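Encoded as C-alpha cells, the structure appears first; notes follow it.
2 protein chains.
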Amino acid sequence: MPITLKTVDPDFEAGFVRMLSAKREGATDVNDSVAAIIADVRARGDAALCELTARFDRLDLPADRLRFSAAEIAEQTALVPAEDRAALTLAAERIRAYHARQMPEDVSWTDPEGATLGWRWTPVSAAGLYVPGGQAAYPSSVLMNAIPARVAGVERLVICVPTPDGAVSPLVLLAAQLSGIDEIYRVGGAQAIAALAYGTATIAPVDKITGPGNAYVAAAKRQVFGRVGIDMIAGPSEVLVIAEGPQNPEWLALDLLAQAEHDADAQSILIATDEALAHAVAGAVDRLLPTLPRAEIAGASWRDHGTIIVARDLDEAADLSNRIAPEHLELCVENPEALAARCVHAGAIFLGAHTPEAVGDYVSGPNHVLPTARSARFSSGLSVLDFLKRTTLARLTPGALARIGPAAVRLASAEGLHAHGASVEARLAMLNDRGTE
Amino acid sequence: MPITLKTVDPDFEAGFVRMLSAKREGATDVNDSVAAIIADVRARGDAALCELTARFDRLDLPADRLRFSAAEIAEQTALVPAEDRAALTLAAERIRAYHARQMPEDVSWTDPEGATLGWRWTPVSAAGLYVPGGQAAYPSSVLMNAIPARVAGVERLVICVPTPDGAVSPLVLLAAQLSGIDEIYRVGGAQAIAALAYGTATIAPVDKITGPGNAYVAAAKRQVFGRVGIDMIAGPSEVLVIAEGPQNPEWLALDLLAQAEHDADAQSILIATDEALAHAVAGAVDRLLPTLPRAEIAGASWRDHGTIIVARDLDEAADLSNRIAPEHLELCVENPEALAARCVHAGAIFLGAHTPEAVGDYVSGPNHVLPTARSARFSSGLSVLDFLKRTTLARLTPGALARIGPAAVRLASAEGLHAHGASVEARLAMLNDRGTE
C-alpha cells in the first residue's frame, strides 16, 4: 500500500518530510573495489580489461576483439524488425530536431571603454558513452546520449557496453548506427569507465563520459571526475503526477506504473486536489498492476515508495512539487501552462493528459536523461551544452586599458598580488610616455 | 630554472608529455577527516560548527554570533579607502554587464506533428558562496561568484568566510555588500560546506555551493555533491602566453610572474616562435623576480613548473595550446583573432599585448573562475548558467499523440517496459474510439 497523505491533516508535514527524506537507494559502498579496478586498468591497460571482462561478463576475448567489427554491427542490426527500426529512426529524428535548437551562439561586442568582449562555444573533442548491458539495454538511452553529442559537434564518439555471456542487443547497435557511432567496445562496469578516462592500447581516452550504469559505474564516474568530465550521477527515477478535474484514472494509473516498473527503487507520486480522483487512481493501479509483466518490480516500487497526496488546491500542489523537485512532472489539469509556470524545480514537465511521460522517454524530442533525487533544484537534464564548453574572450585597446587598468592595479594591490599590478602598470607607463611624447 | 623545450628537438615530445602529466598538487588525502566533520555538523548542527570554529579558527563564538551583524558589516566596510571602493565598484559593474548578456532565453515551438516543445530556465533558489579567509581573502572572487548568481536571479545568497583569530577582510565584506549579500557567516573549512549543504539551526541549507577553498573545502564539496550542486573543483592556476613578433619582454615576463605569484603550484608557460624573444623573456623574469614581494612563491612556481617552449610557427603553437588546454591563454601576436580561432580548448583567451591576464582577474568583465588542470577540454568557467537550471517542456495534442505515440509503444515493447507502452496505448485507444464514433 502506498502512503496516502492529506494536506488538511495536522500530521501532513511530518509525513511529507519523511517521504521526502526517505532513502530509496541501498547504500552499497563499492568505492574501494572500484578504486582497485581503476588502478588495475591504469597499470595494465588492455590486459586488465580482458581479465575483468572475462571475470564479470564471462566473456573471454583478446584485446583486438573487444571492439565490435563493422561486420558484426551489420549482422546484428540486420536482425532488427522493420517496425522497430522505423520507430527508432523516428525517435532519432525528433531527438535530433529538438537538440539542434539548443545550440548556443557565440557572442561578441565592444563596450564604451573600448574592450571587445564575448565568448565562444566549442565541442569536447572526444566523448565516451556508457550503455548498460544485459536486461537493462535501452536503445533509447543511446540516442538520448549520443545525439546531443553529435549535434554539439563532438568529433570522436565511443560506446562501451557490456555483453554478459556474449549477449548483444541489436537495437542498441542500431541506435549507435543511427547516431553515427561505429567505435563500440564490449566492455562494461568500472573497467569501461577507467578505460575511457585513462585510455588503454585499444581504447583511446576521451574527455567526457556520460550515460547511466549500476553502482560500480556510478562510483567509477565519481572517481574519474576531474580527469574527465562526467554527466550527472543518476539516482532512481521518479514521477510526480498532479491531477485535477475530470481525468481518466486508468491513464494516470498507467503513468504511475510506467515509472514504478523501471525498478523497485523508483518512485511514483500522485497529487490530486480531489479525494475521489485519488481513490479512483489508486483503485486503477491495484487493478492494472497484476496485468503487468514487470508486476513484481512495479509492485515493490508502488508499495515501498508510491505516494498519494490529496491537496487543497493547485497552489498547494505547486508548492509541494517545488519541494519534491521531481525528475518528471506530469500536469493533468485544465490549464497545464498556468500550473507549469508555478512549478519551478523539475527536470521535465509534461503538459496535459495527452502527454504521457512515456512519450517523453522515447519520441517527443526532449532528453530523457534528467536530474533525479531532488537535484532538479540545481541541475538540468542532458543537452548539447554537456558536450560543449565556453571560452571567454577579451581584447582591450590601449585606450581601454588606460581607462580600466588603474582599477585592476588598485585591486591587485589590495589583494597583495604585486606582479598582477605591475603587469598592468608596465603597459600603462608606456601609454603615458607615448601620451607625453 | 624553468624547463626549456624546442619543438625542433627530437626529444621534444617526451619532454612535453612529461610537463603535461606532471602533478602540481600534493595529494593530501583529507577525505576521512572531512567525512567526520560533515557527519559531526549533520549530527550536532550549530554546536559542532561553534566547536570546530573554536578549534580551527581560534574563535570562540556562540551560534547567534556566527553571522555578521549589519552593524559589523557597516563598521568594517567603512574602513575601505575610497579608491579601493571605486575600483571594486567599477569591477562589479563590469562583471555585472558581462554576465547579464549570458542570460539564456526560454524557447517554445510547435512542430508539424502538433507537439509543442521547448524549455525554460529558472534560477536555483538558494546558493552558498565559500570565500577563503586569512591571507588569501580575495574580494574579486566574491564578485566573480556572487554577481553571476545575482544576475541569474538566485533569491537567497549566503557567504561563509572563515575569520582566523577574528581577522576580517573589509574588502570582502564590501564586495559582498556590492553584490547585495547580507547573510555572511564567519565559518570556514569543511564545516562551512557541511552547514551549507545540510543546514543547521543558524544556517539554512542551500541548493548550490560555489567558490574556491583549500584541500578540506575541496574534499567537502566533492562529498556533498549530489545533495547540492557544486561548481568545479579548482586546481592550481595556470597561464599560457603565446608570443610572436616584436613584443615587450618585460610585459610578458610580468604576465608569467603574475600567474606564478598565486602559489607555488601555479604554472606559467611561454610559447614563442622566436628563440631570441624566449631568451629575452626568460631574462626579464630573472631580473624582475627578486623585486616581487611574493618572490619566494613566484620563484618556486617558476623554478618547478615554469616552462618555455620554442615552436616553429603559430600552427604548432596552437596545437600545443590545445593539448595543454590552459586556464588562461594570452595571445601576444600580430593577429590574435586568427590564432584564437585555432585554440579550441581554453578557459579564457586574452587577445593582444594590451590585454594582460591581470585585467581579466579584476575588471575586464568575464569570470575569473576558470577550468584548471586541462579541464578546459570539457568544462567552462563560472557563468550565470551555473545558477540556472533548464526544465524541458512538452505538450502533445491528441493528434500529435496519434502520430508519434505508436513509435513510443513499439520502443517500449522492445525495451520490455509494458506499462510505458500501455500508458500510451490507453490514450490511443480512446482516440481511435472517438475517431470511429
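Protein chains in written order, with the working numbering: chain U, 1 to 437; chain R, 438 to 874. For each residue, glycine too, the CB sits at the ideal point set by N, CA and C. Just so we're clear, the structure is a prediction, and the values are computed from it rather than from any experiment.
Going by DSSP, what residue range makes up the alpha helix (DSSP H) through residue i?
| i | result |
| --- | --- |
| Lys443 (chain R) | Taken as a continuous stretch (DSSP letters only), Lys443 (chain R) belongs to no alpha helix (DSSP H), being part of the beta strand (DSSP E) at Ile440 to Lys443. |
| Phe454 (chain U) | In the structure as shown, chain U starts at 1 and stops at 437, and residue 454 (chain U) therefore has no counterpart that could be examined. |
| Thr526 (chain R) | Ala519 to Ala537 |
| Leu776 (chain R) | Pro773 to Arg779 |
Does any C-beta atom of chain U lie closer than 8 Å to the C-beta of residue i?
| i | result |
| --- | --- |
| Phe493 (chain R) | no |
| Val605 (chain R) | no |
| Ile734 (chain R) | no |
| Glu620 (chain R) | no |
| Pro763 (chain R) | no |
| Ala657 (chain R) | no |
| Val800 (chain R) | yes |
| Ala849 (chain R) | yes |
| Ser812 (chain R) | yes |
| Thr710 (chain R) | no |
| Arg479 (chain R) | no |
Report the option in the options whose CA atom is closest to the CA atom of residue i.
| i | options | result |
| --- | --- | --- |
| Arg186 (chain U) | U:Asp84, U:Ala175, U:Val158 and U:Gly399 | U:Val158 |
| Ala266 (chain U) | U:Gly153, U:Ile181, U:Lys23 and U:Pro366 | U:Lys23 |
| Arg495 (chain R) | R:His536, R:Arg455 and R:Ala604 | R:Ala604 |
| Ser458 (chain R) | R:Gln539, R:Arg760, R:Ile670 and R:Trp739 | R:Arg760 |
| Ser413 (chain U) | R:Arg779, R:Ala695 and R:Arg538 | R:Ala695 |
| Pro763 (chain R) | R:Pro730, R:Ile475, R:Arg502 and R:Leu807 | R:Leu807 |
| Val80 (chain U) | R:Glu852, R:Gly789, R:Ser860 and R:Glu488 | R:Glu852 |
| Thr444 (chain R) | R:Pro843, R:Leu776, R:Gly720 and R:Thr710 | R:Thr710 |
| Ala137 (chain U) | U:Ala63, U:Ala175 and U:Asp315 | U:Ala175 |
| Glu875 (chain R) | R:Ala697, R:Gly682 and R:Tyr799 | The first residue shown for chain R is 438 and the last is 874, placing residue 875 (chain R) beyond what the model contains. |
| Gly625 (chain R) | R:Asp644, R:Ala634, R:Ser616 and R:Thr600 | R:Thr600 |
| Ala717 (chain R) | R:Ala583, R:Asn685, R:Leu729 and R:Ala777 | R:Asn685 |
| Leu766 (chain R) | R:Arg811, R:Trp739 and R:Leu527 | R:Arg811 |
| Asn468 (chain R) | R:Leu707, R:Ser860 and R:Asn651 | R:Asn651 |
| Asn584 (chain R) | R:Phe505, R:Leu525 and R:Leu725 | With the sequence shown as reference, residue 584 (chain R) is identified as Ile, and Asn is not the correct amino acid for it. The shortest Cα separation from Ile584 (chain R) among R:Phe505, R:Leu525 and R:Leu725 belongs to R:Leu525. |
| Val17 (chain U) | U:Ser125, U:Ile309 and U:Ile297 | U:Ile309 |
| Ala589 (chain R) | U:Ala400, U:Gln177, U:Leu401 and U:Phe378 | U:Phe378 |
| Glu316 (chain U) | U:Leu292, U:Ile271 and U:Ala358 | U:Ile271 |
Who pairs with residue i in a beta bridge, going by DSSP?
| i | result |
| --- | --- |
| Gln704 (chain R) | R:Glu675 |
| Arg208 (chain U) | Here the sequence assigns Lys to residue 208 (chain U), which means Arg is not the residue at that position. Answer by DSSP bridge pairing, in chain order: U:Ala127 and U:Gly229. |
| Lys826 (chain R) | R:Thr559 |
| Ile38 (chain U) | Ile38 (chain U) is not bridged to any residue. |
| His765 (chain R) | R:Val676 and R:Ala785 |
| Ile193 (chain U) | According to DSSP, Ile193 (chain U) bridges with nothing at all. |
| Trp109 (chain U) | U:Leu117 |
| Ile184 (chain U) | U:Ile159 |
| Arg832 (chain R) | U:Leu351 and R:Thr553 |
| Ala272 (chain U) | U:Ala243 and U:Val310 |
| Arg24 (chain U) | In the DSSP output, where bridge partners are listed per residue, Arg24 (chain U) has none listed. |
| Arg504 (chain R) | R:Tyr622 |
For residue i, report the span of its beta strand (DSSP E) as first-last.
| i | result |
| --- | --- |
| Arg593 (chain R) | Arg593 to Cys597 |
| Glu382 (chain U) | In the sequence as displayed, the identity of residue 382 (chain U) is Leu instead of Glu. Counting along the chain, Leu382 (chain U) falls outside any beta strand (DSSP E), and DSSP gives it neither H nor E. |
| His792 (chain R) | Per the sequence shown, the amino acid found at residue 792 (chain R) is Thr instead of His. Neither: Thr792 (chain R) is in no beta strand (DSSP E) and is coded neither H nor E. |
| Thr307 (chain U) | Thr307 to Val310 |
Using a beta-carbon distance below 8 Å, is residue i in contact with chain R?
| i | result |
| --- | --- |
| Trp302 (chain U) | no |
| Arg96 (chain U) | no |
| Asn367 (chain U) | yes |
| Tyr138 (chain U) | yes |
| His354 (chain U) | yes |
| Val390 (chain U) | Before going on, a small fix: residue 390 (chain U) reads as Arg here, not Val. Output row for Arg390 (chain U): interface = yes. |
| Ala407 (chain U) | yes |
| Thr436 (chain U) | With a pLDDT of 41 at Thr436 (chain U), under the threshold of 50, the predicted position of this residue should be treated as unreliable, though the coordinate-derived value follows. Answer no: the Cβ-Cβ gap between Thr436 (chain U) and chain R never drops below 8 Å. |
| Val344 (chain U) | yes |
| Leu396 (chain U) | yes |
| Ser423 (chain U) | yes |
| Phe16 (chain U) | no |
So with Cβ pairs under 8 Å, would you call residue i a contact of chain B?
| i | result |
| --- | --- |
| Lys23 (chain U) | Of the protein chains in this structure, namely U and R, none is chain B. |
Should residue i be counted as a contact of the ligand MG given a C-beta to heavy atom distance under 7 Å?
| i | result |
| --- | --- |
| Ala70 (chain U) | Ligands are entirely absent from the displayed structure, and the ligand MG is therefore not among its contents. |
task = Specify whether the segment 570 to 589 of chain R and the segment 653 to 662 of chain R touch according to this definition: at least 3 beta carbon pairs, one from each stretch, less than 8 Å apart.
result = no
task = Kindly confirm or deny that the segment 637 to 651 of chain R and the segment 817 to 836 of chain R touch, where touching means at least three C-beta pairs closer than 8 Å.
result = yes
ask   = Would you call the segment 345 to 358 of chain U and the segment 534 to 543 of chain R in contact, with 3 or more CB pairs under 8 Å?
value = no
Three-pair Cβ contact test at 8 Å for the segment 484 to 501 of chain R versus the segment 629 to 640 of chain R = yes
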